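So the structure is just underneath, and the comments pick up after that.
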Amino acid sequence: MAPTSFVVGPSGRRLAYVKSDGDGPCIVFLPGYKSDMEGTKAVHLEAWAQARGRAFLRFDYSGHGASAGRFEDGAIGDWAADAQAVIEAATGGPVVLVGSSMGGWIGCLLTQRLTRVAGFVGIAAAPDFTEDSFWAGFSDEERGKVMEDGALSLPSDYGEPYIVTRRLIEDGRENLVMRAALPMPFPVRLLQGTKDEAVAGDVPLRLLDHIDGDDVRLTLVKDADHRFSTPACLSLVEQAITEVGG
Numbered sequence: 001m002a003p004t005s006f007v008v009g010p011s012g013r014r015l016a017y018v019k020s021d022g023d024g025p026c027i028v029f030l031p032g033y034k035s036d037m038e039g040t041k042a043v044h045l046e047a048w049a050q051a052r053g054r055a056f057l058r059f060d061y062s063g064h065g066a067s068a069g070r071f072e073d074g075a076i077g078d079w080a081a082d083a084q085a086v087i088e089a090a091t092g093g094p095v096v097l098v099g100s101s102m103g104g105w106i107g108c109l110l111t112q113r114l115t116r117v118a119g120f121v122g123i124a125a126a127p128d129f130t131e132d133s134f135w136a137g138f139s140d141e142e143r144g145k146v147m148e149d150g151a152l153s154l155p156s157d158y159g160e161p162y163i164v165t166r167r168l169i170e171d172g173r174e175n176l177v178m179r180a181a182l183p184m185p186f187p188v189r190l191l192q193g194t195k196d197e198a199v200a201g202d203v204p205l206r207l208l209d210h211i212d213g214d215d216v217r218l219t220l221v222k223d224a225d226h227r228f229s230t231p232a233c234l235s236l237v238e239q240a241i242t243e244v245g246g
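Numbering follows the UniProt record's numbering, in which position 244 of the sequence shown is assigned residue number 244; successive positions increment by one, without gaps.
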């Protein structure tokens with residue numbers, strides 16, 4: 001297994017990453033909200049890529065996993081900048097972006113900022129979720145708590161509560177991708193489970209329609225949940241990466 005390396009990100013915090021050498025385009029895994037590079041999908045895809053001699057990069061955003069910082073201090077813009085910094089430091093040449101949940105939103109942002117994206121795979125992608133899921137679903141009381149107290153604690157099915165900060169909401173509005181053109185002139189594959197409890201069923205359909213590209217496909221998997229980590233689901237992710245990345 002490749003060792004963990006570090007790079008200083010744009011916020012001045014140390015960002016942890018693991019890069020496996022191999023042929024390109026380099027596969028870059030973008031984790032989800034409060035997820036890290038030790039998650040099931042990241043580790044599985046790394047082993048899959050290594051077995052095929054493919055370059056692979058996994059990393060932690062600031063405030064996540066082995067990277068420095070507090071989770072509550074971060075926001076979408078920070079984490080997108082972190083991802084870009086790690087990619088630019090650890091890779092050269094074309095990359096295939098594989099974004100899981102929030103990583104799908106980060107991936108959408110990076111496709112507009114990086115000039116060497118060869119393909120994009122979104123796994124239960126959650127673009128604009130701070131506005132369309134969190135904020136849209138809050139009561140007036142909860143919205144008041146976010147704006148006046150600065151933070152709101154939400155229960156999570158994945159362990160510790162989600163802390164939604166005022167900055168997360170306001171920064172999210174500066175990084176929305178579903179309100180403006182989203183050109184992707186390369187192969188795109190979107191994967192979504194029909195029993196996803198975190199991403200509403202209309203989100204992947206809207207994203208499919210919104211992306212401007214000639215090779216954009218959505219696969220719906222009956223009964224798959226948000227984790228999308230069963231052997232069958234992981235096999236579909238592998239297939240999608242192969243399709244977009246050669």
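We put the beta carbon where it would ideally sit given N, CA and C, even for glycine.
Since we're looking at a predicted model, the values are computed, not measured.
Simplified DSSP state of residue i, which is helix, strand or coil
| i | result |
| --- | --- |
| Ser153 | strand |
| Ala245 | According to the sequence as given, residue 245 is Gly; it is not Ala. Looking at Gly245 - three-state DSSP - the assignment turns out to be helix. |
| Ala90 | helix |
| residue 259 | Residue 259 lies beyond the residue range present for the chain, which begins at 1 and ends at 246; the question has no answer from this structure. |
| Ala75 | coil |
| Ser20 | strand |
| Pro3 | coil |
| Gly119 | strand |
| Ala198 | coil |
| Ala55 | strand |
| Gln192 | strand |
| Val203 | helix |
| Arg113 | coil |
| Asp214 | coil |
| Thr130 | helix |
| Leu97 | strand |
| Arg173 | helix |
Beta-carbon gap between residue i and residue j smaller than 8 Å
| i | j | result |
| --- | --- | --- |
| residue 250 | Gly63 | The question about residue 250 has no answer here: the residues shown for the chain are numbered 1 through 246. |
| Asp157 | Lys195 | no |
| Phe56 | Gly22 | yes |
| Val164 | Ala151 | yes |
| Val216 | Cys233 | no |
| Gly103 | Gly32 | yes |
| Ser67 | Arg113 | no |
| Asp78 | Ser11 | yes |
| Phe228 | Ala124 | yes |
C-alpha gap between residue i and residue j, whole angstroms
| i | j | result |
| --- | --- | --- |
| Pro25 | Leu168 | 32 Å |
| Gly65 | Val199 | 23 Å |
| Gly99 | Asp149 | 32 Å |
| Leu236 | Leu154 | 31 Å |
| Ile106 | Gly119 | 14 Å |
| Asp82 | Thr130 | 18 Å |
| residue 291 | Arg166 | With the chain covering 1 to 246 only, the question about residue 291 has no answer from this structure. |
| Thr4 | Leu97 | 20 Å |
Inter-residue CB distance, residue i and residue j (contact presumed, cutoff 8 Å)
| i | j | result |
| --- | --- | --- |
| Tyr17 | Val8 | At roughly 12 Å, the Cβ-Cβ gap does not stay under 8 Å, so Tyr17 and Val8 are not in contact. |
| Gln192 | Leu218 | 7 Å |
| Leu15 | Val86 | 6 Å |
| Ser101 | Ala126 | 5 Å |
Does the region 37-49 touch the region 235-246, meaning 3 or more C-beta pairs lie closer than 8 Å? Contact holds: three or more Cβ-Cβ distances are below 8 Å.
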